[in-house]
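K.L.:
The structure that follows is given in the form of structure tokens.
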Amino acid sequence: MFYKSIKAGLLGATVLAFGAVAAHAERSDLTIAMQLEPPHLDPTSAAAGAIDSVVYSNIFEGLTRFAADGAVIPGLASAWAISGDGLTYTFTLRSDVSFHDGTTMDAEDVKFSLDRARAEDSSNAQKALFAGIHDVEVVDPLTVKVTLAEPNGSFLFNMAWGDAVIVAPESVGDIKTNPIGTGAFKFANWVQGDKIDVIRNDAYWGTKPALEKATFKFISDPTAAFAAVMAEDIDAFAGFPAPENLPQFEADPRFQVLVGSTEGETILSINNKMPPFDNVKVREAVAHAIDRQAIIDGAMFGYGIPIGTHFAPHHPDYVDLTAMSQYDPELSKKLLAEAGFPEGFKTTLKLPPPSYARRGGEIIAAQLRAVGIEAEISNLEWAQWLEQVFKGKDFGLSIVSHTEPMDINIYANPDYYFQYDSPEFQTVMAQLASESDPEQRSDLLKSAQKMISEDYVNGYLFELAYPTIANAKVRGLWQDAPTQAVDLTGVSWAK
Amino acid sequence: MLRYMLKRLVSLCLSLLVASAVIFLCIEVVPGDPAAYMLGMNAQEDTLAALRAELGLEGSTLSRYFAWVGGMVQGDFGTSYTYRTPVAEMIGERLWVSLPLAVYALVLSTVIAFPAGIWAASRRGRLADYGVMGMTQLGVAIPNFWFAMLMVLVFAINLRWMPAGGFAGWDEGLFAALKSLTLPAIALALPQASILARVMRSSLLDTLGEDFIRTARAKGLTRAQALWRHALRNALIPVLTIIGLQFSFLLAGAIIIENVFYLPGLGRLVFKAISARDLIVVESVVMLLVFAVIMVNFAVDMAYAAVDPRLRKGGQGR
Numbered sequence: 001m002f003y004k005s006i007k008a009g010l011l012g013a014t015v016l017a018f019g020a021v022a023a024h025a026e027r028s029d030l031t032i033a034m035q036l037e038p039p040h041l042d043p044t045s046a047a048a049g050a051i052d053s054v055v056y057s058n059i060f061e062g063l064t065r066f067a068a069d070g071a072v073i074p075g076l077a078s079a080w081a082i083s084g085d086g087l088t089y090t091f092t093l094r095s096d097v098s099f100h101d102g103t104t105m106d107a108e109d110v111k112f113s114l115d116r117a118r119a120e121d122s123s124n125a126q127k128a129l130f131a132g133i134h135d136v137e138v139v140d141p142l143t144v145k146v147t148l149a150e151p152n153g154s155f156l157f158n159m160a161w162g163d164a165v166i167v168a169p170e171s172v173g174d175i176k177t178n179p180i181g182t183g184a185f186k187f188a189n190w191v192q193g194d195k196i197d198v199i200r201n202d203a204y205w206g207t208k209p210a211l212e213k214a215t216f217k218f219i220s221d222p223t224a225a226f227a228a229v230m231a232e233d234i235d236a237f238a239g240f241p242a243p244e245n246l247p248q249f250e251a252d253p254r255f256q257v258l259v260g261s262t263e264g265e266t267i268l269s270i271n272n273k274m275p276p277f278d279n280v281k282v283r284e285a286v287a288h289a290i291d292r293q294a295i296i297d298g299a300m301f302g303y304g305i306p307i308g309t310h311f312a313p314h315h316p317d318y319v320d321l322t323a324m325s326q327y328d329p330e331l332s333k334k335l336l337a338e339a340g341f342p343e344g345f346k347t348t349l350k351l352p353p354p355s356y357a358r359r360g361g362e363i364i365a366a367q368l369r370a371v372g373i374e375a376e377i378s379n380l381e382w383a384q385w386l387e388q389v390f391k392g393k394d395f396g397l398s399i400v401s402h403t404e405p406m407d408i409n410i411y412a413n414p415d416y417y418f419q420y421d422s423p424e425f426q427t428v429m430a431q432l433a434s435e436s437d438p439e440q441r442s443d444l445l446k447s448a449q450k451m452i453s454e455d456y457v458n459g460y461l462f463e464l465a466y467p468t469i470a471n472a473k474v475r476g477l478w479q480d481a482p483t484q485a486v487d488l489t490g491v492s493w494a495k
Numbered sequence: 496m497l498r499y500m501l502k503r504l505v506s507l508c509l510s511l512l513v514a515s516a517v518i519f520l521c522i523e524v525v526p527g528d529p530a531a532y533m534l535g536m537n538a539q540e541d542t543l544a545a546l547r548a549e550l551g552l553e554g555s556t557l558s559r560y561f562a563w564v565g566g567m568v569q570g571d572f573g574t575s576y577t578y579r580t581p582v583a584e585m586i587g588e589r590l591w592v593s594l595p596l597a598v599y600a601l602v603l604s605t606v607i608a609f610p611a612g613i614w615a616a617s618r619r620g621r622l623a624d625y626g627v628m629g630m631t632q633l634g635v636a637i638p639n640f641w642f643a644m645l646m647v648l649v650f651a652i653n654l655r656w657m658p659a660g661g662f663a664g665w666d667e668g669l670f671a672a673l674k675s676l677t678l679p680a681i682a683l684a685l686p687q688a689s690i691l692a693r694v695m696r697s698s699l700l701d702t703l704g705e706d707f708i709r710t711a712r713a714k715g716l717t718r719a720q721a722l723w724r725h726a727l728r729n730a731l732i733p734v735l736t737i738i739g740l741q742f743s744f745l746l747a748g749a750i751i752i753e754n755v756f757y758l759p760g761l762g763r764l765v766f767k768a769i770s771a772r773d774l775i776v777v778e779s780v781v782m783l784l785v786f787a788v789i790m791v792n793f794a795v796d797m798a799y800a801a802v803d804p805r806l807r808k809g810g811q812g813r
């Protein structure tokens, strides 16, 4: 009954909206909402993806950067030369770059930023990105020479992360509340708990953005998010939290729905050192007990791409290994019997707050019960999850989305929370780190994917989808999320 | 009157001291490391240690307790672990939303409840009484977040008279700010008004049954005159108690309504701080709320004394 009245209202609203837009031909402001508010605005000292969503490319830039399709392209460095042994990277910086406070961005700033990130007392959440740097040397104001301790095939990729952006020593002191970067937008105002305003940087070195000002609004409640979009209080919502509402927006001509891919491999994490999961047969049984499509349909309303290994399906080196762990409860029971658990066993399933985990957890627990595995669900807050599961490794099963790009190397760390310890895999990762030949790298990546799939390290579920809802006239928003970013530099309003 | 005030003041200070100890202990035992929350899954052990040192999370429980209480006495609530801004500043900003919202809701609730309660009491057993009782029953029963969503659907999505949420900010002018607080205030006021109206009615009816009212009537006052001149003032004490309780609730208990309308209020601040293990913020806000509740109760006690002369003299009326 309510829907009827909504529809009636919408008809009227549509007429109103079109009328209004026709009157003002072109807008140059945008209000875009996100679910999470950043704790502060320093991307170099926290893991919160919400920080990058606001500042990446908009306020801060690095030597290299991710393009909308995930490719690594030049950022503040216009070019670079790599020495024959792969140990020295000589970056040529753009000459006309200044920070928002007017100071010039030069080689000293680059040295400062990289040294700060890898310093002993650094609080960079991705300090490992900088671990291989042996020395950073200022050759001249526009040339920086970075020497690595050993060759690192992913160094340019690492420098594109939001955690590796270039900051200035003059303004880094209060970067958390007043970020001064080189990007196309300047930070203007933050009403904590509500919104962050940015304005166009007219001194920007690159193409000037079409938007004069933009507002990031933070709406955590899915119902409120729905209402805000429907009432057109906001122009776009990046990472819309209620997938069940997407069909309704798709059917509404006022809106466009972009469903993109992310770097978020959502997995059923298995504690590989905890019996009975130390037995590969048991892990294989778990993998075959899971019906991925049912989880995608039930927990994500159909949005998500099934995966069979820990790798993003849109990556050119991705191998489709879903067949390795296809849904087969009979096989699962057989494997359990072979492993010595014909009657099944009991374990724990510890779930962090996101809905993929909470909703997915219920479905997985039911699917596991069908083959005899009793998984006792406990719902945890993030802080508890980090403490118990991630740090304490006190869990049997868990569900989490690993959102860092290209993070298959976490399987080479035997202390990582799922505790996979395979010397062969570690060797492959070591080779990958020092290999810079693209073809060799591709082969190594493919064999790495196969190894963890064959070892059934974790239950591989799906690649998280990234839905964005926007006013039908907004152009240039990123559809995919190769890194957590809401890049507004290319956004404009259609005439 | 002075002795009464002094007695209340001493119990006020004691309550604050006990509350601070209880709050601190409760929050200290909550598991979870703020540094780990901030740095996420790829953080290295040395980075975590560096951040913990930076946040001042090392040191004994007792010394941190005294540092906290000592700071608060001087008006320094510490610095938020996650936002890295002074907690006092954050609370101040949020109060600019929460306090007006609470006052707005309380005014609405009183403006609705007083006439409704008085009307129902004066028409006891008649249609008006049943009508008011029925409506208030409904008002108490309807969950306010559901009512809030309904209002958003009608007034924001369908009619577009109101924004669906958010706070325009006081810089945008009084009208815009009040407009963005109107739907939340109504949602908050509805159940409060219903309770208040019912209390008003029953308290008035009790008073109307007292001997002094019969005397007043015997002296020739009409029922309405007796009600307005004598009964109303005497019936106010339980109503004031409820208003005092409601105000403290409205100040911090609006979390759900703040979420529905995504308002940057105190409730949401605490909610977020708890999940981020921003303990210093949680402790300080909770302490502030305790302080507010105690102050409101103090004010209510003073108001009792104002309406009830017996309390002023002996200090033992209650």
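Just so you know, the sequences run in chain order D and U. The first sequence begins at 1 in my numbering and counts up one residue at a time. The second sequence begins at 496 in my numbering and counts up one residue at a time. Glycine included, C-beta positions come from ideal geometry on N, C-alpha and C.
Figure out for me which residue from U:Tyr560, U:Cys508 and U:Val582 has the closest Cα to the Cα of aspartate 773 (chain U).
P.N.:
Aspartate 773 (chain U) has its Cα closest to that of U:Val582, out of U:Tyr560, U:Cys508 and U:Val582.
K.L.:
Do the stretch 709 to 719 of chain U and the stretch 744 to 761 of chain U meet, that is, are 3 or more Cβ pairs less than 8 Å apart?
P.N.:
No, because fewer than three Cβ pairs between the stretch 709 to 719 of chain U and the stretch 744 to 761 of chain U fall closer than 8 Å, the two stretches do not touch.
K.L.:
For chain D, is any of its Cβ atoms less than 8 Å away from the one on leucine 546 (chain U)?
P.N.:
By this cut-off, leucine 546 (chain U) is an interface position.
K.L.:
Compare the beta carbon distance of glycine 612 (chain U) and leucine 722 (chain U) with 8 Å and say whether it is the shorter of the two.
P.N.:
The answer is no: Cβ separation not under 8 Å.
K.L.:
Measuring only the C-alpha atoms, how far is alanine 339 (chain D) from proline 306 (chain D)?
P.N.:
Taking the straight line joining both Cα atoms gives about 27 Å.
K.L.:
With a cut-off of 8 Å, do at least 3 Cβ pairs link the stretch 474 to 492 of chain D to the stretch 509 to 525 of chain U?
P.N.:
These segments do not touch.
K.L.:
List, in chain order, every chain D residue whose beta-carbon is nearer than 9 Å to that of aspartate 528 (chain U).
P.N.:
Simply Ala383, Leu386, Glu387 and Lys391.
K.L.:
Report the three-state DSSP secondary structure of valine 136 (chain D) (helix, strand or coil).
P.N.:
Looking at valine 136 (chain D) - three-state DSSP - the assignment turns out to be strand.
K.L.:
So with CB distances below 7 Å, who are the chain A contacts of phenylalanine 519 (chain U)?
P.N.:
Structure shown: chain A not included; protein chains present are D and U.
K.L.:
Compare the C-beta of aspartate 121 (chain D) against all C-beta atoms of chain U and say whether one is closer than 8 Å.
P.N.:
Yes, contact with chain U.
K.L.:
Can you confirm whether phenylalanine 662 (chain U), when its beta carbon is compared against all beta carbons of chain D, has any partner nearer than 8 Å?
P.N.:
With 8 Å as the cut-off, phenylalanine 662 (chain U) counts as an interface residue toward chain D.
K.L.:
By the three-class DSSP mapping on this structure, what secondary structure does asparagine 189 (chain D) have?
P.N.:
Three-state result, asparagine 189 (chain D): strand.
K.L.:
Between D:Gly298, D:Ala289 and D:Phe66, which has its C-alpha nearest tyrosine 460 (chain D)'s C-alpha?
P.N.:
Looking at the Cα atoms, D:Ala289 is the closest of the given residues.
K.L.:
Fully enclosed by the stretch 361 to 390 of chain D, which beta strand (DSSP E) runs are 3 residues long or longer?
P.N.:
As far as the stretch 361 to 390 of chain D is concerned, its whole beta strand (DSSP E) runs of at least 3 residues are 373 to 379.
K.L.:
Could you pull out every residue in the same chain whose Cβ sits closer than 8 Å to the Cβ of alanine 663 (chain U), ignoring the five residues on either side in sequence?
P.N.:
These residues qualify, in order along the chain: Ala671, Ala672, Lys674 and Ser675.
K.L.:
Could you give the distance in angstroms between the alpha-carbon of leucine 368 (chain D) and the alpha-carbon of proline 353 (chain D)?
P.N.:
Straight-line Cα distance between these residues: approximately 21 Å.
K.L.:
Sorted by chain position, which residues of the same chain lie with C-beta nearer than 7 Å to threonine 31 (chain D)'s C-beta, five sequence neighbours on each side aside?
P.N.:
The residues are Thr215, Lys217, Ile234 and Asp235.
K.L.:
Do we get a CB-CB distance below 8 Å when we pair histidine 40 (chain D) with the residues of chain U?
P.N.:
Closer than 8 Å to some Cβ of chain U, the Cβ of histidine 40 (chain D) qualifies, so yes.
K.L.:
Take aspartate 69 (chain D) and list the residues in its own chain whose beta-carbon comes closer than 8 Å to its own, dropping the five residues that flank it on each side.
P.N.:
Taken in chain order, the residues that qualify are Asp480 and Pro482.
K.L.:
So, helix, strand or coil for arginine 813 (chain U), using DSSP?
P.N.:
Interpretation of arginine 813 (chain U) is limited by its pLDDT of 40, a score under 50 that renders its predicted location unreliable; no figure is taken from the coordinates.
K.L.:
CB-CB under 7 Å to lysine 393 (chain D), same chain, minus the five flanking residues each way: which ones, in chain order?
P.N.:
So the list reads Asn271, Tyr417 and Gln419, once near-sequence residues are dropped.
K.L.:
Using the beta-carbon of each residue, which ones in chain D are nearer than 9 Å to proline 658 (chain U)?
P.N.:
Simply Ala228, Ala231 and Asp233.
K.L.:
Just reading off the alpha helix (DSSP H) that serine 332 (chain D) is part of, what are its end residues?
P.N.:
Start and end: 329 to 338.
K.L.:
Taking a cut of 7 Å between CB atoms, which residues from the stretch 621 to 644 of chain U lie near chain D?
P.N.:
The stretch 621 to 644 of chain U vs chain D, Cβ under 7 Å: Met644.
K.L.:
Work out the CA separation of methionine 230 (chain D) and alanine 659 (chain U) for me, nearest whole Å.
P.N.:
Roughly 9 Å separates the two Cα atoms.
K.L.:
Which residue marks the beginning of the alpha helix (DSSP H) containing tryptophan 641 (chain U), and which one marks its end?
P.N.:
Element bounds for tryptophan 641 (chain U): 639 to 646.
K.L.:
Among D:Lys213, D:Ala210, D:Glu232 and D:Ala242, whose alpha-carbon lies nearest the alpha-carbon of threonine 223 (chain D)?
P.N.:
Here the closest residue by C-alpha is D:Ala242.
K.L.:
Cβ of valine 191 (chain D) less than 8 Å from any chain U Cβ?
P.N.:
Yes, because at least one Cβ of chain U sits closer than 8 Å to the Cβ of valine 191 (chain D).
K.L.:
Got a sec: which bits of the stretch 402 to 429 of chain D sit with their beta carbon under 7 Å from any beta carbon on chain U, in order along the chain?
P.N.:
Of all residues in the stretch 402 to 429 of chain D, Glu404 have a Cβ within less than 7 Å of some Cβ in chain U.
K.L.:
Considering Cα atoms alone, identify which of U:Arg693, U:Thr556 and U:Met500 is closest to leucine 633 (chain U).
P.N.:
Nearest of U:Arg693, U:Thr556 and U:Met500 to leucine 633 (chain U), Cα basis: U:Arg693.
K.L.:
Give the secondary structure of arginine 503 (chain U) by DSSP, where H, G and I count as helix, E and B as strand, and everything else as coil.
P.N.:
Three-state result, arginine 503 (chain U): helix.
K.L.:
Would DSSP call alanine 47 (chain D) helix, strand or coil?
P.N.:
Here alanine 47 (chain D) sits in coil by DSSP.
K.L.:
Under 7 Å between beta-carbons, which chain U residues line up against glutamine 126 (chain D)? List them in chain order, please.
P.N.:
Per Cβ cutoff of 7 Å: Asn537.
K.L.:
Alpha carbon to alpha carbon, how far is leucine 678 (chain U) from isoleucine 637 (chain U)? Give it in angstroms, no decimals.
P.N.:
In a straight line, the C-alpha of isoleucine 637 (chain U) is about 16 Å away from that of leucine 678 (chain U).
K.L.:
Compare the C-beta of alanine 481 (chain D) with all C-beta atoms of chain U and state if any pair is closer than 8 Å.
P.N.:
Closer than 8 Å: no.
K.L.:
Please report the straight-line C-alpha distance between isoleucine 180 (chain D) and threonine 403 (chain D), rounded to a whole angstrom.
P.N.:
Near 26 Å, if we compare the C-alpha coordinates of threonine 403 (chain D) and isoleucine 180 (chain D).
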